[in-house]
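The structure under discussion appears below in the form of structure tokens.
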């Protein structure tokens with residue numbers, strides 16, 4: 001049977017059919033649809049597969065490791081920058097090893113369609129010394145999931161599953177395979193206690209497994225050599241393979257790489273049989289650097305480091321064709337009557353009214369700085385508001401405002417969303433409260449994780465309690481309703497609180513208009 | 001045979017549901033398909049597009065190469081122009097003729113339409129008005145699909161009608177009929 005699936009959906013279905021018992025994730029483009037698909041899938045629901053959203057990627061990674069400890073198969077999903085959040089648990093999961101299969105899925109975003117950097121998660125896989133799978137298409141994404149879980153259980157190590165936006169968010173027909181049962185609970189009897197004495201032994205064991213990982217990549221069905229003549233060897237990683245085939249069809253000598261560690265002997269053979277090598281990989285030049293180290297300085301290697309492919313941005317059929325010496329010129333030039341159309345906050349969104357009030361404050365206090373965070377409300381940086389001084393990573397608004405206030409900056413204001421606050425803002429607020437730092441924190445609460453499409457937000461209905469529990473002075477904790485008619489009052493309140501030399505928290509609370517509209521439609525349907 | 005299509009417009013105009021209809025029809029007909037979508041930030045009122053590739057042969061790339069697009073289907077006239085470098089020499093542009101102005105620097109309309117009309121193969125229609133006249137104001141994207149149907153070639157209008165019926169089935173018979181009426185209004 002064939003099904004039309006997004007890359008993300010193929011991953012999700014592949015995992016369910018591989019006997020998944022739990023997915024653990026925090027929403028993040030382009031990974032969100034994996035967990036959403038599992039939440040809606042009939043088999044997963046029937047089996048009671050865990051699929052509730054986690055507070056952040058670190059809690060997700062640790063919960064999945066716990067499920068693996070108990071002997072069941074677990075999947076962790078995140079966007080690439082989520083790897084930074086869970087890195088401690090991720091790297092150490094390779095030292096503890098796993099019991100039930102553990103697959104860590106990272107969805108990278110070259111070209112930064114919805115992200116603040118284009119870091120390549122394959123570095124993390126290499127760093128943790130574990131196998132990496134990188135499908136080239138939707139069918140492989142589905143098929144590989146079963147192989148990834150099997151390899152994980154065979155080696156007793158987590159495996160990294162890396163995709164990029166163009167695969168995650170592209171649909172194709174996928175041939176569906178057999179459905180495997182879940183593992184039965186079978187808790188590990190091994191000690192996963194990373195005290196130095198134990199960790200040293202476990203690290204040595206991880207290093208001892210490297211030849212097995214290499215052997216698995218060498219015999220992998222997803223890595224193959226195509227010899228069609230010519231003098232250029234092409235190493236095509238992940239979806240890079242598609243662009244190579246699009247440009248040259250059944251020509252060229254291609255080593256397709258979709259499972260790592262790199263098959264080194266195959267690369268040496270490719271080098272020996274050709275005069276030069278072109279490395280086609282989406283993201284950063286991870287393989288290109290490795291191939292340089294493998295073949296030595298004398299061998300000509302082309303790729304992103306040499307400028308044959310652009311150093312930044314995603315691969316396209318056009319830049320790959322050009323690197324293969326087959327550039328295609330457009331027929332029509334770029335249009336003259338064209339303007340950029342950046343995304344913007346929805347009309348009627350509560351964040352708009354928060355910024356309406358903040359803009360008044362900025363006008364009155366030119367030295368004020370507003371430190372932003374990750375979410376829809378980051379769009380407050382763009383016209384007409386132009387309100388933000390920074391947006392760096394999840395939770396950085398509060399801590400950066402505190403650091404700037406420590407340096408003497410007044411007024412220092414933080415704007416953070418509800419979901420981002422529970423993800424990584426709470427600890428920063430505790431730091432600020434412990435020092436009674438003179439900052440004003442605005443937790444713009446729309447009762448959802450809005451930017452990624454309206455997933456449940458971990459702290460809904462708990463924000464006042466969380467702030468008070470962290471030690472907030474109730475006198476400086478306020479809840480307001482962000483509506484256009486309330487903008488003057490909210491501005492007045494912010495003004496009062498920025499004049500207070502201590503921590504203030506203002507929570508403007510109004511439901512996201514997108515989720516409110518969706519709920520109204522669903523209610524109408526069920527009536 | 002292949003048909004490379006760019007569906008485009010502004011976030012919220014229903015690009016993805018048009019893509020879903022074509023995808024359904026192609027899958028049913030056994031035509032190979034790849035459909036790259038834009039999710040996330042741009043869906044908030046920014047420019048959005050979907051690369052839709054249909055072929056009787058194997059399709060490798062999820063993205064259409066420059067100069068390779070056979071058909072641009074656009075919910076908005078300026079958005080149609082955004083993808084000109086992808087249009088093939090004989091490519092067709094099927095577009096709404098109603099500007100959607102949510103930016104302060106939207107181009108001067110006379111110049112915009114002069115540039116659009118200078119293209120060799122352009123079809124324009126006030127799709128919102130046609131949808132209203134057909135009694136389904138929310139069906140503008142299906143009107144556009146009806147306009148584009150005769151240029152799709154790899155799929156027949158009947159296959160598209162059937163896909164519309166399948167996609168909207170869970171919303172009830174009345175919604176299916178309303179959308180088929182929109183499709184037919186533009187596919188005469």
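Protein chains in written order, with our numbering: chain A, 1 to 527; chain B, 1 to 188.
Here a beta-carbon is modelled for each residue, glycine too, at the ideal position from N, C-alpha and C.
Chain A residues whose Cβ lies nearer than 8 Å to that of residue i
i, result
"residue 40 of chain B", "29, 30, 113, 114, 451, 452"
"residue 152 of chain B", "The premise fails here: residue 152 of chain B is roughly 17 Å from chain A at the closest Cβ pair, so nothing lies under 8 Å."
Cβ of residue i within 8 Å of any chain B Cβ
i, result
"residue 191 of chain A", "no"
"residue 99 of chain A", "no"
"residue 37 of chain A", "no"
"residue 41 of chain A", "no"
"residue 339 of chain A", "yes"
"residue 318 of chain A", "yes"
"residue 332 of chain A", "yes"
"residue 170 of chain A", "yes"
"residue 5 of chain A", "no"
"residue 510 of chain A", "no"
"residue 166 of chain A", "yes"
"residue 173 of chain A", "yes"
"residue 204 of chain A", "no"
"residue 148 of chain A", "no"
"residue 25 of chain A", "no"
Proximal chain A residues relative to residue i, where beta-carbon distance stays under 7 Å
i, result
"residue 162 of chain B", "Residues of chain A passing the Cβ test: none, with the nearest at roughly 15 Å."
"residue 60 of chain B", "242, 245, 246"
"residue 88 of chain B", "331"
"residue 115 of chain B", "335, 336, 337"
"residue 112 of chain B", "337"
Chain A contact for residue i (CB, 8 Å cutoff)
i, result
"residue 37 of chain B", "yes"
"residue 122 of chain B", "no"
"residue 75 of chain B", "no"
"residue 23 of chain B", "yes"
"residue 11 of chain B", "yes"
"residue 138 of chain B", "no"
"residue 27 of chain B", "yes"
"residue 85 of chain B", "yes"
"residue 155 of chain B", "no"
Supposed contact pair residue j and residue i - C-beta distance, whole angstroms, cut 8 Å
i, j, result
"residue 19 of chain A", "residue 180 of chain A", "4 Å"
"residue 414 of chain A", "residue 442 of chain A", "7 Å"
"residue 254 of chain A", "residue 236 of chain A", "5 Å"
"residue 320 of chain A", "residue 243 of chain A", "4 Å"
"residue 484 of chain A", "residue 444 of chain A", "That pair is no contact at about 15 Å."
Residue range of the alpha helix (DSSP H) that includes residue i
i, result
"residue 478 of chain A", "Looking at the DSSP string, residue 478 of chain A is not in any alpha helix (DSSP H); the run it does join, the beta strand (DSSP E), is 477-480."
"residue 125 of chain A", "122-128"
"residue 262 of chain A", "Run containing residue 262 of chain A: none; DSSP gives neither H nor E here."
"residue 90 of chain A", "87-96"
First through last residue of the beta strand (DSSP E) which encompasses residue i
i, result
"residue 75 of chain A", "73-79"
"residue 370 of chain A", "369-371"
"residue 224 of chain A", "224-226"
"residue 161 of chain A", "159-164"
"residue 43 of chain A", "That residue, residue 43 of chain A, is in no beta strand (DSSP E); its alpha helix (DSSP H) goes 42-47."
Straight-line gap, residue i to residue j (C-alpha atoms, nearest Å)
i, j, result
"residue 157 of chain A", "residue 176 of chain A", "27 Å"
"residue 148 of chain B", "residue 29 of chain B", "18 Å"
"residue 110 of chain B", "residue 429 of chain A", "54 Å"
"residue 152 of chain B", "residue 183 of chain A", "48 Å"
"residue 9 of chain A", "residue 34 of chain A", "6 Å"
"residue 129 of chain A", "residue 207 of chain A", "8 Å"
"residue 427 of chain A", "residue 1 of chain B", "58 Å"
"residue 331 of chain A", "residue 183 of chain B", "31 Å"
"residue 517 of chain A", "residue 454 of chain A", "11 Å"
"residue 502 of chain A", "residue 512 of chain A", "30 Å"
"residue 34 of chain B", "residue 432 of chain A", "50 Å"
"residue 233 of chain A", "residue 114 of chain B", "48 Å"
"residue 66 of chain A", "residue 51 of chain A", "15 Å"
"residue 219 of chain A", "residue 4 of chain B", "36 Å"
"residue 22 of chain B", "residue 316 of chain A", "24 Å"
"residue 205 of chain A", "residue 192 of chain A", "13 Å"
"residue 32 of chain A", "residue 217 of chain A", "28 Å"
Chain-ordered neighbours of residue i on chain B, where CB pairs are closer than 8 Å
i, result
"residue 528 of chain A", "In this structure chain A extends from 1 to 527, so residue 528 of chain A is not present and cannot be described."
"residue 344 of chain A", "44, 45, 46, 102"
"residue 376 of chain A", "44"
Chain-ordered neighbours of residue i on chain A, where CB pairs are closer than 9 Å
i, result
"residue 105 of chain B", "339, 340"
"residue 78 of chain B", "335, 337, 338, 339, 341"
"residue 33 of chain B", "4, 171, 172, 173"
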